[in-house]
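K.L.:
Using full-length UniProt numbering, read the sequence shown as starting at 1 and increasing by one per residue. Each residue gets a CB set at the ideal place from its N, CA and C atoms; glycine is no exception. What you are looking at is a predicted structure, and each value in this text was computed from that prediction instead of being measured.
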Amino acid sequence: MSDWYGIKDRPASLMAGNDLAMPETRRDKQTLLAAIESGEVPMAVVDRACQRMLTLLDKVQRHRRPNTQADFPAHHTLSQQLAAESIVLLKNDDDLLPLRPEKTRRIAVLGKPAQEPVIQGSGCATTVPYLLDPSAG
């Protein structure tokens with residue numbers, strides 16, 4: 001599966017084994033259909049992709065538990081705990097953090113992302129970080 005609008009050449013992506021482009025746009029469908037009709041994408045490749053998608057759907061359906069109730073508060077708490085324990089942004093050498101304007105007058109931002117920041121999309125591109133207060137226990 002592709003990332004949202006991550007596929008730029010749907011026939012090539014299918015040939016490379018990407019069975020599902022998200023979301024599948026009208027242009028992608030038309031381009032893929034033309035490539036299939038012209039023989040650029042063999043029907044065997046389409047069949048393989050369809051078979052893999054159907055196998056995945058079957059597997060998901062077999063493992064469904066429709067009467068199971070999700071414990072959303074517990075899942076939310078666990079997700080926050082896992083995120084907090086797995087992410088390290090900066091070491092706090094010399095008690096530099098949190099940055100204080102009265103002590104830190106300038107900050108250097110270096111590298112390509114500083115020159116060409118990628119600010120786009122949705123989902124994770126617009127996720128607001130949630131910081132846990134370690135003293136809260």
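Give the range of the alpha helix (DSSP H) segment to which residue 87 is assigned.
P.N.:
Residue mapping note: residue 87 aligns to position 87 of the sequence shown, counting from 1. Taken as a continuous stretch (DSSP letters only), residue 87 belongs to no alpha helix (DSSP H), as it is neither H nor E.
K.L.:
Nearest to residue 41 by CA position, among 91, 13 and 62, is which residue?
P.N.:
Along the sequence shown, one-based indexing puts residue 41 at 41. Considering only alpha carbons, the answer is 13.
K.L.:
Expressed to the nearest angstrom, what Euclidean distance is found between the alpha-carbon atoms of residue 39 and residue 31?
P.N.:
Within the sequence shown, the letter at position 39 stands for residue 39. Within the sequence shown, the letter at position 31 stands for residue 31. Taking the straight line joining both Cα atoms gives about 12 angstroms.
K.L.:
Quick check on the DSSP output: the alpha helix (DSSP H) that includes residue 36 runs from which residue to which?
P.N.:
Mapped onto the sequence shown, residue 36 falls at position 36. That run of the alpha helix (DSSP H) goes 26-38.
K.L.:
Are the beta-carbon atoms belonging to residue 97 and residue 53 less than 8 angstroms from one another?
P.N.:
For the purposes of this step, residue 97 is taken as residue 97 along the sequence shown, with counting starting at 1. For the purposes of this step, residue 53 is taken as residue 53 along the sequence shown, with counting starting at 1. No, Cβ-Cβ distance for residue 97 and residue 53 is not below 8 angstroms.
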